[in-house]
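Residue numbers (my numbering): 1125 to 1425.
Here it is as structure tokens:
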């Protein structure tokens, strides 16, 4: 089996590593903080001292970190960062970046790695922490078809739906399309709940009535009940979706495509961040819409 290197042991990375270990893959890990390392080592992973050391012990290196600069730092190095992965990646190895970052940055990293004989797939994911734990993530993959086929057994451990969407960078573009669609649907759920609340209708019963019809969505079925129960614990944090929306707006600007609803939701999330709610779950968006209507959505007894 391929030796796996894994960098980025946050909410998503930790269960993904555990699933790879459970499937029998040898996994070596590195992270910027100890808790993720300790948890994965306890599950059977080996620890390395730097991204370079992880890469040197891997046939396939997986990264899932926060933003474009983080991937560049881990893979290509720079500044005060530890020795970078590019210094350890061998010719014929593969980098699978599962972060959500800029498509143009992805293509740049791929070009640098290709000069060293290293292939790259961009394979961002959707499905949140629950999907990472269950191994049912939706994975959108950009890269050469033969490299996708080589890595398919690895991807299938972490995801249920693996879709090859085009060349390197296309995976990131599709992920940003995913986030644009989520932002619109999430805002619609918030508006529907506050309309029901201010119209003296139980918002929980409203959800029950419309979730199975044409208005139904993952956001409604999974986050709507959390909103009415005032549960804002993160499955996916406000600050991370906000980062993705900024990337989407930037990508839209590069190709000349206006994204007016995305821009509006970006501003609504700014309100949450300004109030210190960046680490809350994205369902906290309902609080901004509640403020506009001077109400508070709650399930009735």
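The beta carbon of each residue, even a glycine, is placed where N, CA and C say it ideally should be.
message: Given this structure, state the Cα-to-Cα distance separating residue 1413 from residue 1134, to the nearest angstrom.
response: Stepping through the chain shown from its first residue, residue 1413 is reached at position 289. Stepping through the chain shown from its first residue, residue 1134 is reached at position 10. Each residue's Cα considered, the two are about 30 angstroms apart.
- prompt: So residue 1245 packs on residue 1271, CB below 8 angstroms; how close in whole Å?
  reply: Position 121 of the chain shown, counted from the first residue, corresponds to residue 1245. Position 147 of the chain shown, counted from the first residue, corresponds to residue 1271. With a Cβ gap of about 6 angstroms, residue 1245 and residue 1271 count as contacting.
- prompt: What whole-angstrom Cβ distance do residue 1152 and residue 1167 have, given they're in contact under 8 angstroms?
  reply: The sequence position of residue 1152 within the chain shown is 28, counting from 1. The sequence position of residue 1167 within the chain shown is 43, counting from 1. The pair is not a contact, with the Cβ atoms about 13 angstroms apart (cut-off 8 angstroms).
message: Measuring alpha carbon to alpha carbon, tell me which residue in 1365, 1269, 1353 is nearest residue 1301.
response: As a first step, residue 1301 must be located in the chain shown, where it is residue number 177. It is 1365 whose Cα lies nearest to the Cα of residue 1301.
- prompt: So what's residue 1211 in DSSP terms, helix, strand or just coil?
  reply: Position 87 of the chain shown holds residue 1211. Three-state DSSP puts residue 1211 in a helix.
- request: Would you mind working out which of 1185, 1273, 1283 sits nearest residue 1237, comparing C-alpha positions?
  value: On the chain shown, position 113 is the one that residue 1237 refers to. Of 1185, 1273, 1283, the residue nearest in Cα terms is 1185.
DSSP-derived helix/strand/coil call for residue 1177: By 1-based counting over the chain shown, the position of residue 1177 is 53. Reduced to three states, the DSSP call for residue 1177 is helix.
- prompt: CA-CA distance, residue 1214 and residue 1187?
  reply: As a working note, residue 1214 is residue 90 in the chain shown. As a working note, residue 1187 is residue 63 in the chain shown. In a straight line, the C-alpha of residue 1214 is about 16 angstroms away from that of residue 1187.
field: Three-state secondary structure assigned by DSSP to residue 1299
entry: In the chain shown, counting from the first residue as 1, residue 1299 sits at position 175. Helix.
field: Whole-angstrom distance between residue 1295 and residue 1138, CA atom to CA atom
entry: The residue labelled residue 1138 in the question sits at position 14 within the chain shown. The residue labelled residue 1295 in the question sits at position 171 within the chain shown. For residue 1138 and residue 1295, the distance between alpha carbons rounds to 22 angstroms.
message: So, does the stretch 1281-1289 touch the stretch 1342-1351, judging by three or more C-beta pairs under 8 angstroms?
response: no
message: I'd like to confirm the pairing. Which residues does DSSP put opposite residue 1190 in its beta bridges?
response: On the chain shown, residue 1190 is found 66 positions in, with the first residue counted as 1. None; residue 1190 has no bridge partner.
- prompt: Which residues mark the beginning and the end of the beta strand (DSSP E) in which residue 1151 is found?
  reply: What you label residue 1151 is simply residue 27 of the chain shown in a count that begins at 1. Here the beta strand (DSSP E) through residue 1151 covers 1151-1154.
Buried or exposed by the 16-neighbour rule on C-beta atoms within 10 Å, applied to residue 1122: For the chain, the structure presents residues 1125 to 1425; residue 1122 sits outside this window and is missing.
message: Quick test of your reading: residue 1393 and residue 1369, contact by CB under 8 angstroms. State the CB separation rounded to the nearest angstrom.
response: Counted from its first residue, the chain shown places residue 1393 at position 269. Counted from its first residue, the chain shown places residue 1369 at position 245. Yes, residue 1393 and residue 1369 are in contact; Cβ-Cβ is about 7 angstroms, under 8 angstroms.
message: Using only the alpha-carbon positions, how far apart do residue 1280 and residue 1331 sit?
response: The sequence position of residue 1280 within the chain shown is 156, counting from 1. The sequence position of residue 1331 within the chain shown is 207, counting from 1. Rounded to whole angstroms, residue 1280 to residue 1331 spans 33 angstroms at the Cα level.
query: Rounded to a whole number of angstroms, what is the C-alpha to C-alpha distance between residue 1329 and residue 1397?
result: Walking along the chain shown from the start, residue 1329 turns up at place 205. Walking along the chain shown from the start, residue 1397 turns up at place 273. Their Cα atoms are separated by approximately 30 angstroms.
field: Strand pairing of residue 1283, partner residues [DSSP]
entry: The residue given as residue 1283 occupies position 159 in the chain shown. DSSP, once it has assigned bridges, lists 1261 as partnering residue 1283.
query: Taking the beta strand (DSSP E) that residue 1220 falls in, what are its first and last residues?
result: As a working note, residue 1220 is residue 96 in the chain shown. Residues 1218-1221.
- prompt: DSSP three-state call for residue 1234: helix, strand or coil?
  reply: By one-based count along the chain shown, residue 1234 stands at place 110. If DSSP states are grouped into helix, strand and coil, residue 1234 belongs with the helices.
Range covered by the alpha helix (DSSP H) that runs through residue 1364: On the chain shown, residue 1364 is found 240 positions in, with the first residue counted as 1. Note, residue 1364: alpha helix (DSSP H), 1362-1379.
- prompt: What separation, rounded to the nearest whole angstrom, lies between the Cα atoms of residue 1395 and residue 1239?
  reply: For this step, residue 1395 is matched to residue 271 along the chain shown. For this step, residue 1239 is matched to residue 115 along the chain shown. Taking the straight line from one Cα to the other gives about 44 angstroms.
query: According to DSSP, what are the bridge partners of residue 1243?
result: Taking the chain shown and counting its residues from 1, the one referred to as residue 1243 is at position 119. Residue 1243 pairs with 1218.
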